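Data block below; observations after.
Residue numbers (the numbering used here): 587 to 1093.
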């Protein structure tokens, strides 16, 4: 009897386990059918199914997620446009454009109801960040108010009043380069990061970060580099599953997660510390934010978001342009020599170089060309097509689709630029040049273009003019190739730029 009972119990357990297996198999079958059916729909029946692109990319967001986090985003998108043309479907609901016409169609102002609003899935606000900032505001009216608040801080008048701050830190950088280069080659990536963060610190927060003086990256800025990577992972995970995204902390590398949390926390602390300051030497950018704080209904985390935007847009991208400019000057000796002749023939001392005087033609062309060949934000800034759909670059795009111009791809499109991979500033000066210069829009277009453009151009003009006036420099590594070695996680992760710097003869 005991044996029968034992065998009966075992048989019952087997039946129960079979029930669980059948249930699990059924769930797996339903999921597989859903995934397969969803993939078939996306490939053949989705409103964007007629647009060219890899089938794997159209099936799901796995393709998007992979290239977002492996650093090869720019290389991959360039290859896709080379294969499929000026319009590529690269996610189930997103089109990438590499044509000049698309800039105007997507980013310039439209009639009410016809605006291409920012894609909220790209400009995320989650529990990790908690910070709303001007960069991730999707609502056009809300953004208009935020822009109205900040525009005076970035006007030419404000920059002219604060040019002494820029000159002070650029001159400090020249001294640092002169002193440190006597000891051997220096990594100019560090030096450019230092000077742009110091300028930003004083112009935005009336705070001396001391990076150039101490030859050390400020701790707040140091977290920025991993924090920018976080954005790429954040977006990749959200594209795969908003449910998983809600538990983001389990899926993002710990170093990046800690970096973004620390950066936002320090950003809040910077603004709160700034509130307590009085008797400032100059009106900083934060003063414009703080005087509208209550009117705009901003809490401490909103302030932190604005601080983060300032440091990311006002420091990192400008430093990237400095690095790119130095690299391409060293790689193009004839351009470098022509720029030296122009700068050194115009000035007798470094102190003559100011915001008013550093405006000569070839320097401007050199800056425009580096912003074309090495745009500091190389990816598309995605927008959503309005109700009823819209025409973009001559093709009709259904409503609710995500669209954007890949900055790197359009400026390296041979339809717009002859020899697009050649650094040739003359294309910006030659009246007979057939290149479509409007295809290069490094600061974007329209009411949501880069608010910091005047500041960035001022820094570029002054710093490059002074560097070229004082120094001769050449790269140590002849094999360095930024097209090949650069990685992109929404922004560039720049390789080191080890450079031999010497004072020019006769000084």
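Note that the Cβ used here is the ideal one computed from N, Cα and C, for glycine as well.
From a predicted model like this one, the values you see are computed outputs, not experimental measurements.
Residue state for residue 704 is assigned as strand, using DSSP reduced to three classes. Restricted to the region 721-766, the alpha helix (DSSP H) segments that are unbroken, complete and at least 4 residues in length are 726-736 and 742-747, listed in chain order. Each residue's CA atom was taken as its position, placing residue 925 and residue 1047 some 12 Å apart. For residue 998, the CB contacts under 8 Å within the same chain, skipping 5 residues up- and downstream, are 664, 959, 1006 and 1007 in chain order.
In this structure, the straight-line span from the alpha carbon of residue 842 to that of residue 662 is close to 23 Å. In this chain, the alpha helix (DSSP H) harbouring residue 921 covers 919-932.
The DSSP-derived three-state label of residue 1019 is coil. CA-CA distance, residue 742 to residue 915, rounds to 28 Å. Taking 8 Å as the cut-off, the beta carbon of residue 1062 is found closer than this to the beta carbon of residue 1085.
In this structure, 1011 is the residue among 1066, 1011, 909 and 913 with its C-alpha nearest to the C-alpha of residue 949.
Beyond the five residues adjoining it in sequence on each side, residue 745 comes within less than 7 Å, by CB distance, of 1040, 1041 and 1044 in the same chain, given in chain order.
Secondary structure note for residue 1077: its beta strand (DSSP E) is the uninterrupted segment 1077-1079. Residue state for residue 981 is assigned as strand, using DSSP reduced to three classes. When DSSP reads this structure, residue 1084 sits in a beta bridge with 773. Judged by DSSP in its simplified three-state form, residue 969 adopts strand.
The way I'd put it, the region 653-660 doesn't touch the region 968-988; fewer than three beta-carbon pairs between them come closer than 8 Å. DSSP, read as helix, strand or coil, puts residue 992 in coil. Under the three-pair Cβ rule at 8 Å, the region 854-874 does not count as touching the region 917-935.
In the structure shown, the three-state DSSP call for residue 944 is coil. Only residues of its own chain outside the window of five on either side were considered, and among them 683, 688, 691, 692 and 989 have a CB closer than 7 Å to the CB of residue 978, listed in chain order. Residues 1068 of the same chain have their beta carbon placed closer than 6 Å to that of residue 913, with the five preceding and five following residues left out of the count. DSSP, reduced to helix, strand and coil, places residue 904 within a helical segment of the structure shown. Residue 885 counts as exposed, since fewer than 16 other beta carbons sit within 10 angstroms of its beta carbon. Contact between residue 893 and residue 866 is ruled out by a C-beta separation of about 17 Å, above the 8 Å threshold. Considered as a whole, the region 650-689 harbours 659-670 as its complete alpha helix (DSSP H) runs of no fewer than 4 residues, in chain order. Contact check for residue 676 against residue 639 passes: the beta carbons are separated by less than 8 Å. Distance from the Cα of residue 993 is smallest, within the candidate group 975, 983 and 1023, for 1023. DSSP places residue 898 in the helix class (H, G or I) of the three-state scheme.
Nearest to residue 897 by alpha-carbon distance, out of 773, 809, 982 and 725, is 809. Per DSSP, reduced to three states, the secondary structure at residue 1073 is strand. The C-beta separation of residue 847 from residue 903 comes to about 22 Å, leaving the pair out of contact by the 8 Å criterion. Within the region 789-816, the complete alpha helix (DSSP H) runs of at least 4 residues fall at 797-800. Of all alpha-carbon atoms in 1076, 1091, 1029 and 1070, the one lying nearest the alpha-carbon of residue 1059 is that of 1091. Excluding its 5 nearest sequence neighbours in each direction, residue 739 has C-beta neighbours in its own chain below 6 Å: 871 and 874, listed in chain order. Judged by DSSP secondary structure, residue 1058 falls within the beta strand (DSSP E) whose first and last residues are 1057-1061. A residue is called buried when at least 16 other Cβ atoms come within 10 angstroms of its Cβ; residue 768 does not meet this threshold and is exposed.
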